[in-house]
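Trainee: Right, I'll just put the structure down here and ask away after.
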Amino acid sequence: MKRSKFKMAVVVIISAAAFSLAARAESLAVRNCTWCHGTSAQGYAPAPRLAGQRYQYIENQLKSFGGHRRDNPFSKMYMWSAAANLNLQTARDLAIYFSALHPEAADDGDRELVALGRTIYQEGVPDSNIAACVACHGPNTQGVGEIPRLGGLSYSYLQKRLEQWGEGYDAAARFPMPHVASKLSAHQVEALASYLSFVK
Amino acid sequence: MKLMRSITALIEKGCSPQVRPAPRPEYRTWWTIKAVSFQFALLLAALAFVFSVAGRVVARDTSAVSKGDVEAKISYCKDCHGPSAQGYRGFYPIPRLAGQQPEYLENQLRAFVEQRRPNPIMSNVAHVLKPAMITALAAKFRALNPHPIGGAPRRHIAEGRQIFQSGVPDANVAACAACHGPDAGGHEQIPRLAGQLYPYIVKALTHWSKERGQIPGKPDVSAIMEPVAHSLTRPQVEAVAEYLSYLK
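In order, the protein sequence lines correspond to chains X and F.
The opening residue of the first sequence carries number -4 in our numbering; numbering runs sequentially from there.
The opening residue of the second sequence carries number 2 in our numbering; numbering runs sequentially from there.
If you want it as structure tokens, here you go:
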């Protein structure tokens, strides 16, 4: 009886140690991301929030940085080198890790533009041939599969990203965003970015 | 009238294999009754079809649309329906429009506006389309023929083909090919199904009575499909959807 209790205690201690070691091993790769993306991966300055993002989307983006397809200035400056030595398995592990973290909304848009942004998101602007975002990104802006979650990303990130597509950056991005974004006016971009920044 | 004739022809052509030899009265069993009720159902369906066509008197705005406007609108449609209109898996399955029957597309766009087919996204889209634009778009999509988008399971394709070609006699389900054509190319208001997205077909058939013909007392062509959609089991729906999603 005593012996088996002792054995059990040993097993518990060893497994606890093993888990913490594994967690630390993971955190090395994770920490390389969170230097810029924020300690809980909620985003910081131009680096977007990763927490709660669709893992297939994160994985795809990491591949597109590595392949130099996503070519907007900050991607070139930071992410091309950050993703250069990631193997596919690490990219996937990181993507799954960040997608499981709970997202918090940035809440940093212009509140007066929220109503307009919501209308564009839900209905598009049929007269100007602007598609409704909801068809692909979903009723709660949550995304699905390779289509990213948009809700709660920071205003500045969303605004820049939409603007840069319209300017021709990241033209290799999969259909249809470069085309859709090129039709949005500056005001419409600001409205969408404002609305999305508040979505929980 | 032309439509009436073509429906009659379709029914005769498509359903002849289903009609069994006339039984002697003393041998009238449950399956002959089923065969009769099946024919009756088809007749009803044809009637529903004709009525809906008769009710289709819409004031026509005949103003023309420019070539540039049509091109801009087409590229807008493709933003969601895929770069070659082959369909797209967004948050919702967005159907293939390529190769679709123009009459079907026109009828669906009207159905979105009239709320016969409630769909907040498409009702907004359809609301601003002039009749001349709808005609031009329908002709453009009809002319496209990209490969099916694929990506569906493949395990029950053979069973799906069987249901499509011969129906499910035990469940009183007619052969899909009878109306949609042996190649699933469709006919006038009856849509092309070949190459349609798997999740879209599954959703359409499993939600039929909640998504189509939603104006009480004003049934439209979609009423034809209601008993079929109701009688098919979920595995049968999935099998047919697998088969159709790979059909060129």
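Note that the Cβ used here is the ideal one computed from N, Cα and C, for glycine as well.
Go through its chain and collect everything with a Cβ distance to X:V120's Cβ below 8 Å, but skip five positions before and after it.
Mentor: Position 125 of the first sequence, counted from the start, is the residue given in the question as residue 120 of chain X. For X:V120, where only same-chain residues beyond five positions count, the Cβ hits under 8 Å are Q183.
Trainee: Using a Cβ-Cβ cut-off of 8 Å, state whether X:H174 counts as contacting chain F.
Mentor: What you label residue 174 of chain X is simply residue 179 of the first sequence in a count that begins at 1. So, interface residue.
Trainee: When the distance is taken between beta carbons, is X:V109 closer than 8 Å to X:F193?
Mentor: As a first step, residue 193 of chain X must be located in the first sequence, where it is residue number 198. As a first step, residue 109 of chain X must be located in the first sequence, where it is residue number 114. Their beta carbons are under 8 Å apart, which means X:F193 touches X:V109 by this criterion.
Trainee: So is F:H181 buried or exposed if we call it buried at 16+ other beta carbons inside 10 Å?
Mentor: Looking up residue 181 of chain F in the second sequence gives position 180. Buried, because 16 or more other Cβ atoms sit within 10 Å of the Cβ of F:H181.
Trainee: Quick one: does F:D221 have its CB under 8 Å from some CB of chain X?
Mentor: Numbered from its first residue, the second sequence carries residue 221 of chain F at position 220. No, F:D221 lies away from the interface with chain X (no Cβ there is under 8 Å from its Cβ).
Trainee: On the three-state DSSP scale, how would you describe F:A127?
Mentor: Taking the second sequence and counting its residues from 1, the one referred to as residue 127 of chain F is at position 126. Reduced to three states, the DSSP call for F:A127 is helix.
Trainee: What three-state label does DSSP hand F:F41 in the structure shown?
Mentor: On the second sequence, residue 41 of chain F is found 40 positions in, with the first residue counted as 1. For F:F41, the pLDDT reaches just 46, beneath the cut-off of 50, and the residue's location in the model is therefore unreliable, although a value from the coordinates is still provided. In this structure, F:F41 counts as helix in the three-state DSSP scheme.
Trainee: Just the Cα atoms here: how many angstroms apart are F:R117 and X:S70?
Mentor: As a first step, residue 117 of chain F is located in the second sequence; it is residue number 116 there, counting from the start. As a first step, residue 70 of chain X is located in the first sequence; it is residue number 75 there, counting from the start. C-alpha separation (whole angstroms): 47 Å.
Trainee: For the structure I just gave you, are there three or more beta carbon pairs, one from the region 129 to 146 of chain X and one from the region 19 to 37 of chain X, closer than 8 Å?
Mentor: They do not touch, by the three-pair rule.
Trainee: List the residues of chain X that F:N125 touches, going by C-beta distances under 8 Å, in chain order.
Mentor: Against the second sequence, residue 125 of chain F aligns to sequence position 124. In chain order: E118, G119, P121, A127.
Trainee: Using the Cβ count rule (16 or more neighbours within 10 Å means buried), how would you classify F:I191?
Mentor: Position 190 of the second sequence holds residue 191 of chain F. It is buried - the Cβ of F:I191 has at least 16 other Cβ atoms within 10 Å.
Trainee: With 16 as the cutoff for other CB atoms within 10 Å, does X:R106 come out buried or exposed?
Mentor: Residue numbering aside, residue 106 of chain X sits at position 111 when the first sequence is read from its first letter. So X:R106 counts as exposed.
Trainee: Taking contact to mean at least 3 C-beta pairs separated by less than 8 Å, is the region 148 to 161 of chain X in contact with the region 38 to 45 of chain X?
Mentor: Yes, the region 148 to 161 of chain X touches the region 38 to 45 of chain X.
Trainee: Tell me whether F:M134 counts as near the ligand COA, meaning its Cβ is closer than 7 Å to at least one heavy atom of that ligand.
Mentor: In the structure on display, the ligand COA does not appear, and there are no ligands present to speak of.
Trainee: Against X:F69, what residues of chain F qualify as contacts under a CB-to-CB distance less than 7 Å, listed in chain order?
Mentor: In the first sequence, counting from the first residue as 1, residue 69 of chain X sits at position 74. Correct list: empty, because the minimum Cβ distance to chain F is about 26 Å.
Trainee: Would you report the Cα separation of X:Y164 and F:D184, rounded to the nearest angstrom?
Mentor: In the first sequence, counting from the first residue as 1, residue 164 of chain X sits at position 169. In the second sequence, counting from the first residue as 1, residue 184 of chain F sits at position 183. Approximately 43 Å between the Cα atoms of the pair.
Trainee: What residues from the region 198 to 219 of chain F come within 9 Å of chain X, judged by C-beta to C-beta, listed N to C?
Mentor: So the list is empty, because no residue satisfies the distance condition.
Trainee: Can you tell me whether F:D221 is buried or exposed, with buried defined as 16 or more other CB within 10 angstroms of its CB?
Mentor: Looking up residue 221 of chain F in the second sequence gives position 220. Its Cβ being crowded by 16 or more others within 10 Å, F:D221 is buried.
Trainee: Hey, is the region 52 to 61 of chain X in contact with the region 82 to 97 of chain X, meaning 3+ C-beta pairs nearer than 8 Å?
Mentor: Contact holds: three or more Cβ-Cβ distances are below 8 Å.
Trainee: Which residues, in order along the region 72 to 84 of chain F, keep a beta-carbon less than 8 Å from a beta-carbon of chain X?
Mentor: Against chain X - using a Cβ distance shorter than 8 Å - the residues of the region 72 to 84 of chain F are A73, K74, S76, Y77, K79, D80, C81, G83, P84.
Trainee: Compare the C-alpha of X:A186 against each of X:N80, X:T34, X:D103, X:E54 and name the closest.
Mentor: On the first sequence, position 191 is the one that residue 186 of chain X refers to. Measuring from the Cα of X:A186, the nearest candidate turns out to be X:D103.
Trainee: Please report the Cβ distance between F:V203 and F:E239, rounded to the nearest whole angstrom; I am assuming they are in contact, meaning their Cβ atoms lie under 8 Å.
Mentor: Counting from one through the second sequence, the residue named residue 203 of chain F turns up at place 202. Counting from one through the second sequence, the residue named residue 239 of chain F turns up at place 238. With a Cβ gap of about 6 Å, F:V203 and F:E239 count as contacting.
Trainee: Whether or not the region 61 to 81 of chain F and the region 155 to 174 of chain F are in contact is what I'm after, with contact meaning three or more pairs of Cβ atoms, one per stretch, closer than 8 Å; do they touch?
Mentor: These segments do not touch.
Trainee: Are the C-beta atoms of X:A20 and some chain F residue less than 8 Å apart?
Mentor: Translated into positions along the first sequence, residue 20 of chain X becomes position 25. Interpretation of X:A20 is limited by its pLDDT of 46, a score under 50 that renders its predicted location unreliable; the figure taken from the coordinates is listed afterwards. No, X:A20 lies away from the interface with chain F (no Cβ there is under 8 Å from its Cβ).
Trainee: Kindly list, in the order they appear in chain F, the residues whose Cβ is closer than 9 Å to that of X:F93.
Mentor: The residue you call residue 93 of chain X lines up with position 98 of the first sequence. Here the premise fails: no neighbours, minimum Cβ distance about 21 Å.
Trainee: Which one of F:R143, F:M226, F:T207, F:L110 has the shortest CA to CA distance from F:L236?
Mentor: Numbered from 1 along the second sequence, position 235 holds the residue referred to as residue 236 of chain F. Note on identity: in this sequence residue 236 of chain F is Pro, with Leu being the wrong assignment. Cα-wise, what sits closest to F:P236 is F:T207.
Trainee: Which class does F:L4 belong to by DSSP, given the choice of helix, strand or coil?
Mentor: The sequence position of residue 4 of chain F within the second sequence is 3, counting from 1. With a pLDDT of 45 at F:L4, under the threshold of 50, the predicted position of this residue should be treated as unreliable, and no value is reported.
Trainee: F:H128 touches chain X at which residues, Cβ-Cβ below 8 Å?
Mentor: Locating residue 128 of chain F in the second sequence gives position 127, where the first residue counts as 1. Those are P121, listed as they occur along chain X.
Trainee: Could you tell me the alpha carbon to alpha carbon distance between F:T234 and F:W209, rounded to whole angstroms?
Mentor: By one-based count along the second sequence, residue 234 of chain F stands at place 233. By one-based count along the second sequence, residue 209 of chain F stands at place 208. Those two C-alpha atoms are separated by around 13 Å.
Trainee: Once DSSP output is grouped into helix, strand and coil, what is the label at X:I91?
Mentor: Along the first sequence, one-based indexing puts residue 91 of chain X at 96. The answer is helix: DSSP assigns X:I91 an H, G or I state.
Trainee: Compare the beta carbon distance of X:S94 and X:Y50 with 8 Å and say whether it is the shorter of the two.
Mentor: Reading the first sequence from its first residue, position 99 is the one you call residue 94 of chain X. Reading the first sequence from its first residue, position 55 is the one you call residue 50 of chain X. A contact, by the Cβ cut-off of 8 Å.
Trainee: Among the residues of its own chain, which have a CB less than 7 Å from the CB of F:G56, if the five just before and after it don't count?
Mentor: In the second sequence, residue 56 of chain F corresponds to position 55, counting from 1. Note on F:G56: pLDDT 43, under 50, position unreliable in the model; the coordinate value appears next. Closer than 7 Å at Cβ, skipping near neighbours: no residue.
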